[in-house]
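K.L.:
The numbers in the UniProt record's numbering rise by one with no breaks, and the one at position 553 of the sequence shown is 553.
Quick reminder that beta carbons are idealized off the backbone N, C-alpha and C, glycines included.
First the structure, which I've put down as structure tokens, then a few questions once you've had a look.
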Amino acid sequence: MQRAGLLTRIPAPACFGLRASSRAKATAFIASKINPSTNARTPLAVSRASASSAVALKAEPFMNGTSSVYIEQMYDQWRTDPSSVHSSWAAYFQNVEKGLAPGQAYQPPPTLVSSTVTSPVAVGAAVGAVAPSAGTSIKDITDHLKVQLLIRSYQTRGHNIADLDPLGINSAALDDTIPPELEPQFYGLTEQDMDREFILPMSTFIGGDKPSLTLREIISRLKQIYCTHTGVEYMHLTNYEQLDWVRRRFEVPRAAELNHEQKKTLLKRLIRSTKFEEFLAKKWPSEKRFGLDGCEILMPAIKQLIDHASSSGVDSIVIGMPHRGRLNILANVCRQPLPTILSQFSTLEPADEGSGDVKYHLGVCIERFNRESQRNVKIAVVANPSHLEACDPVVMGKVRAELFYGGDMKADRTMAIVMHGDAALCGEGVVMETFNLNDLNAYTVHGCIHVVVNNQIGFTTDPRASRSSPYCTDIGRVIGCPIFHVNSDDPEAVIFVCNVASEWRRTFKKDVIIDLVCYRRQGHNELDEPMFTQPLMYQRIKQTKPVLSVYQKQVVKEGIANDQFVKDEVAKYNAILEEAYESAQKVTYLRNRDWLDSPWDDFFKKRDPLKIPATGIAKDQIELIIDKFSSTPEGFNLHRGLERTLKGRQQMHKESSYDWACGEALAFGSLLLEGTHVRLSGQDVERGTFSHRHHVLHDQKVDQKTYIPLNNLSDKQAEYTVCNSSLSEFAILGFELGYSMVDPNSLVVWEAQFGDFANNAQCIIDQFICSGQSKWIRQSGVVLSLPHGYEGMGPEHSSARVERYLQLCNEDDEVDAEKMAFGPTFEAQQLHDTNWIVTNCTTPANLFHVYRRQITMPFRKPLVQFAPKSLLRHPMARSPLEDFLPGTKFKRALPENGEAVNSPDKVNRLVFCTGKVYYDLVAARKHLNLEPEVAICRIEQISPFPYDIVMEECLRYKGAELVWAQEEHKNMGAWAFVQPRFNSLLVKQHRTIKYAGRQPSSSPATGNKYTHVAEQKDLLATTLNVRKSDLESFKG
């Protein structure tokens, strides 16, 4: 409110001032300008006429700059303590408070430097205004303000001329021009001014203890800080405290210097990083390894980040990274045993489950002792596919879960480090989606350190062809995080920047970006020829000495180490590598399990993998959950429409008949009461896309007051997290997958707004969820809830693309019924062997049981559940109380339970289907009086396919013709999946199944209501073997 008050009172679009610094030294404030015609925050545009602004511009000659934040800060300070600001500021603010007209509030400040020139009193100064002191030189004041602007320009744009490219070819910002505002001449300052002393403003720390410096020294220090091997972007920060913090870290003299011990440690790490790559190149010259050649400093940088974080109390670090440098990080940062890494170059057979993955995609989780902090630290590198940046949200979800389960919601003990390539950082959309989670309450990890391995090339693509922004890191400006560009061939500058970045995250719990400007000594991989497309760059690279060669000379020259020390360190590490190589040669098989990034060792102990417990719950639990789910606390102002909804839930409970929302609430509520954490995430999930859920109730009279019934079941319950997500699928699904990897005793559900919106997350689905266990031995119980059903809503809101998920199932479609053991463990064995479960539940009770089964299973599998839309309120889609009670469980198929069961011999048509179409078929069958002749069996679990139940039904209706009915088009839905399974199962019976449904189409559904109705009636007629005209009066 105080800031708003100042901006309202400012009588002219500029203000200037001086104040004594906190070091008791005089400093000068840089001139500021707020233009009312462009700055919407300034009410002058409304309260002052444009003519008055023009008068003000003339009356105040020093109007330039953009430090509105500074003005507000000073005004706040003055309001609290007038003596805390310089007398010129006090005079100005007093005049502002008196409401002086434009040009009258500002008075020239007291003497800045000695001068014989008397300062004129402002023309038209009002009576009562605070008068200026005599003896002030307008030129001196002007020159001081110009110097302040010069300082600010270096702070703002010094990075543009920093020496960042170790090859000396490019500007990292893709622009080789020098910003004119970095030249003294731009401000009218000449060589004659270079040795004049200028008092430093409070907005810089370059002077250290000195209150003033010569212009020559000012420029020299600014260039040393901002224009050598480090480029600092931070002036876009809007928080003054954060801005000042960064400024202080870089500008204080000698801030970046390392001591002898730190330099020696850095040298040792560079030796290991470099010699590791050289060793692999020597032993396996024709193998891809995606080495760090050209950015060997990455390994010491990551180790420094971990050292600093561990010393600050962090004990768990989750790392996400692409393939380049992964083996080096695994070996030298995580300390994965070297023989285990080197054996990956062999052609050995794996001794355990899984198909495995290439060595530069693998993850790991290791706890190791950190010598710098003298503490144990757990380091997890998340497995990653070739799809660049895809693991970013997975890392964030994993970290968020660790924060939750560890009670570390301020992220003091857990931290994320994500590495990026320059082309991928600005090219892949998931990067922005993930950055956007930075400050979202249900998704924030309170700061991630981003490290960019900036090769200055993307495979073969020049940066000028891969981005429109100056830097690849400009995405950081959007979310307000500092960006530190650093020349990778200056190891000490890199280490200093890492210390600042780690301290920033610890202090402000916000993201930070380190841009390691480097090069790629090889091609995209070691077998690639880069000279085809970048001849000049690679000619320069061949002439460039490795950073180790340069730095070891520097260290020896400084007397920190001698040549013998370097030789000994190299020899020692080479011996370690040779010994590991010899050990790797003796390895006879590979273990995929050595590469688990999220181990659950304790979870699998004492669990029978072939036992699936019943999932029903006690009646009193049902009563408790429904009572809470259908009521609000006293004094809560509920929306009238929702009052009817809650009364409806109470009525259903009285009638012992529960709809979809109740079935879901019973599943979640019962798990919470059993101590299982439940997390539901996605777009609009709090209310539900179709306004059926309402898990977060909003008070209609008190802003931001909410009530979550499922978090108020018991004092001893687990926490229920239900959160609307950002408008993202890729990042949010990846986040929830990462969340599910931490603790198997949790139900994590991601719900798409409509099922086909999951298309945008296809990378996470294909590369992580469906194949994760096979590639990386990583289990996950994450649930995908995908609304699906044909109700005439058009191509984009009908199909969740059932066929795609079924195509990704690992189940064989050729079976021999005589050799299959349909015994009591058949269901469990199928679930154990599958890569994921695909269901299309048609009753609330079955949804209840399939969710609970996700937790009671002795292992974890992803679940793809096709959720209904119209069935949410369908009067037939209800489940009785008995279906939830102890002893009940999920039904993989729901056989016919009507008239046809009593006379199976009279049944001439046995229809199998899945999902909503069942209710359409039942209604049409009743309309045509075909109940005795047509039996309908619902397949609730499509994969693993319920062969035993299907066989039982087919044998019951031996004379019936078999039909598969679906509302999807023939080239979609489950038909292509179920047809070969039916036919191979029934081959000995000489029976096959026929198709009934829509014809093949390129579009999932029609957008025309008439066509939809016609197609639906045609589907029903074909399925029930009647004429279409028989259904003319039918309204399903």
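1. Counting only runs that start and end within the segment 575-651, where is the alpha helix (DSSP H) found for 4 or more residues in a row?
2. For S774, collect the residues of the same chain with a Cβ closer than 7 Å to its Cβ; drop the 5 residues on either side in sequence, then sort them by chain order.
3. Can you tell which of I306, F603, M321, R289 has its C-alpha closest to the C-alpha of I855?
4. Could you tell me if Q155 is buried or exposed, where buried requires 16 or more neighbouring beta carbons within 10 angstroms of its beta carbon?
5. I747 and Y851: beta carbons closer than 8 Å?
6. Residues in its own chain within less than 7 Å of E389 by CB, not counting five upstream and five downstream?
7. At which residues does the beta strand (DSSP E) containing T214 begin and terminate?
8. Beta-carbon within less than 6 Å of Y947's beta-carbon, same chain only, minus the 5 sequence neighbours each way: which residues are those?
9. Counting only runs that start and end within the segment 900-925, where is the alpha helix (DSSP H) found for 4 or more residues in a row?
10. Do you know offhand how far R521's Cα is from G294's?
11. K139 lies in the beta strand (DSSP E); which residues open and close that run?
12. Take every Cβ of the segment 923-935, pair it with every Cβ of the segment 987-996, and state whether three or more of those distances are shorter than 8 Å.
13. In angstroms, rounded to a whole number, what distance separates the CA positions of D743 and W600?
14. Where P284 and V333 are concerned, what is the direct C-alpha to C-alpha distance, given to the nearest angstrom?
15. Where does A380 fall in DSSP's three states?
16. What runs of the beta strand (DSSP E), each 3 residues or longer, lie entirely inside the segment 496-559?
17. How about E967 and S870: do their beta carbons lie closer than 8 Å?
18. Please classify F977 as buried or exposed, where buried requires at least 16 other C-beta atoms within 10 Å of its C-beta.
19. Does DSSP put L680 in a helix, a strand or coil?
20. Per DSSP, what kind of secondary structure is V252 in: helix, strand or coil?
21. Could you give the C-beta distance for H361 and P337, rounded to a whole number, given that I count them as a contact under 8 Å?
22. Go through the segment 265-337 residue by residue and report every complete run of the beta strand (DSSP E) that reaches 3 residues or more, in order.
23. Measuring straight from C-alpha to C-alpha, what distance separates E796 and A965?
24. Give the DSSP-derived three-state secondary structure of R23 in the structure shown.
25. Taking just the CA atoms, how far does N454 sit from Y538?
26. What does a CB cutoff of less than 7 Å around G168 pick up in its chain, not counting 5 residues either side in sequence?
27. Please state the DSSP three-state secondary structure of S1029.
28. Using 10 angstroms around the beta-carbon of T1011, count the other beta-carbons present and answer buried if the total reaches 16, otherwise exposed.
29. Specify, as a first and last residue, the run of the beta strand (DSSP E) that C448 falls within.
30. Decide if L298 is buried, meaning its Cβ has at least 16 other Cβ atoms within 10 Å, or exposed.
31. Which residues share a DSSP beta bridge with V748?
32. Any idea if K303 is buried or exposed, counting beta-carbon neighbours within 10 angstroms, 16 or more meaning buried?
33. Work out the CA separation of R221 and I151 for me, nearest whole Å.
34. Just grab the DSSP bridge partners of C365 for me.
35. My output table needs one value for R375: the three-state DSSP class, helix, strand or coil.
36. What's the C-alpha gap between T1023 and D920?
P.N.:
Walking through what the data contain:
1. 619-629
2. The residue labelled residue 774 in the question sits at position 774 within the sequence shown. The residues are G354, S355, N835.
3. The residue labelled residue 855 in the question sits at position 855 within the sequence shown. Selected option, being the one with the closest Cα: F603.
4. The residue you call residue 155 lines up with position 155 of the sequence shown. By the 10 Å Cβ count, Q155 comes out buried.
5. By 1-based counting over the sequence shown, the position of residue 747 is 747. By 1-based counting over the sequence shown, the position of residue 851 is 851. With the sequence shown as reference, residue 747 is identified as Leu, and Ile is not the correct amino acid for it. Against a cut-off of 8 Å, the Cβ pair of Y851 and L747 comes out as a contact.
6. Locating residue 389 in the sequence shown gives position 389, where the first residue counts as 1. These residues qualify, in order along the chain: H420, A424, E428, V430, V431.
7. By 1-based counting over the sequence shown, the position of residue 214 is 214. Taken as a continuous stretch (DSSP letters only), the beta strand (DSSP E) holding T214 covers 212-214.
8. Sequence index remark: in the sequence shown, residue 947 carries index 947 (1-based). Contacts found: L985.
9. none
10. By one-based count along the sequence shown, residue 521 stands at place 521. By one-based count along the sequence shown, residue 294 stands at place 294. Cα-Cα distance, rounded: 5 Å.
11. Along the sequence shown, one-based indexing puts residue 139 at 139. From DSSP, K139 is part of no beta strand (DSSP E) but of the alpha helix (DSSP H) over 138-157.
12. no
13. In the sequence shown, the residue the question calls residue 743 occupies position 743. In the sequence shown, the residue the question calls residue 600 occupies position 600. Answer to the nearest angstrom: the Cα atoms are 8 Å apart.
14. Here the question's residue 284 lines up with position 284 in the sequence shown. Here the question's residue 333 lines up with position 333 in the sequence shown. It is Trp, not Pro, that sits at residue 284 in the sequence shown. Cα to Cα, the separation comes out at about 22 Å.
15. The residue labelled residue 380 in the question sits at position 380 within the sequence shown. Three-state result, A380: strand.
16. 512-517
17. The residue given as residue 967 occupies position 967 in the sequence shown. The residue given as residue 870 occupies position 870 in the sequence shown. Result no, Cβ atoms of E967 and S870 do not sit closer than 8 Å.
18. As a first step, residue 977 is located in the sequence shown; it is residue number 977 there, counting from the start. Buried is the call here.
19. Sequence index remark: in the sequence shown, residue 680 carries index 680 (1-based). If DSSP states are grouped into helix, strand and coil, L680 belongs with the strands.
20. By one-based count along the sequence shown, residue 252 stands at place 252. Coil, per DSSP.
21. By 1-based counting over the sequence shown, the position of residue 361 is 361. By 1-based counting over the sequence shown, the position of residue 337 is 337. So it is not a contact: roughly 19 Å between Cβ atoms.
22. 316-320
23. Counting from 1 along the sequence shown, the entry for residue 796 is found at position 796. Counting from 1 along the sequence shown, the entry for residue 965 is found at position 965. Rounded to the nearest angstrom, the two C-alpha atoms are 22 Å apart.
24. Locating residue 23 in the sequence shown gives position 23, counting from the first residue. Residue confidence is low: R23 scores 30 on pLDDT, short of 50, so the model does not pin down where it sits. Its coordinate-derived value is still stated next. Reduced to three states, the DSSP call for R23 is coil.
25. By one-based count along the sequence shown, residue 538 stands at place 538. By one-based count along the sequence shown, residue 454 stands at place 454. Going by the C-alpha atoms only, they are around 16 Å apart.
26. Counted from its first residue, the sequence shown places residue 168 at position 168. No residues qualify anywhere along the chain.
27. Taking the sequence shown and counting its residues from 1, the one referred to as residue 1029 is at position 1029. Looking at S1029 - three-state DSSP - the assignment turns out to be helix.
28. Locating residue 1011 in the sequence shown gives position 1011, counting from the first residue. Classification for T1011: exposed.
29. Indexing the sequence shown from 1 puts residue 448 at position 448. 448-454 is the span of the beta strand (DSSP E), which, as asked, contains C448.
30. As a first step, residue 298 is located in the sequence shown; it is residue number 298 there, counting from the start. Buried.
31. As a first step, residue 748 is located in the sequence shown; it is residue number 748 there, counting from the start. Per DSSP, R679.
32. By one-based count along the sequence shown, residue 303 stands at place 303. Counting Cβ neighbours within 10 Å, K303 comes out buried, since at least 16 surround it.
33. Here residue 151 is taken as the residue at index 151 of the sequence shown, counted from 1. Here residue 221 is taken as the residue at index 221 of the sequence shown, counted from 1. Straight-line Cα distance between these residues: approximately 10 Å.
34. The count along the sequence shown starts at 1 and reaches residue 365 at position 365. A380, per the DSSP bridge assignment.
35. By 1-based counting over the sequence shown, the position of residue 375 is 375. R375: strand per DSSP, three-state reduction.
36. Position 1023 of the sequence shown holds residue 1023. Position 920 of the sequence shown holds residue 920. The straight-line gap from Cα to Cα measures roughly 11 Å.
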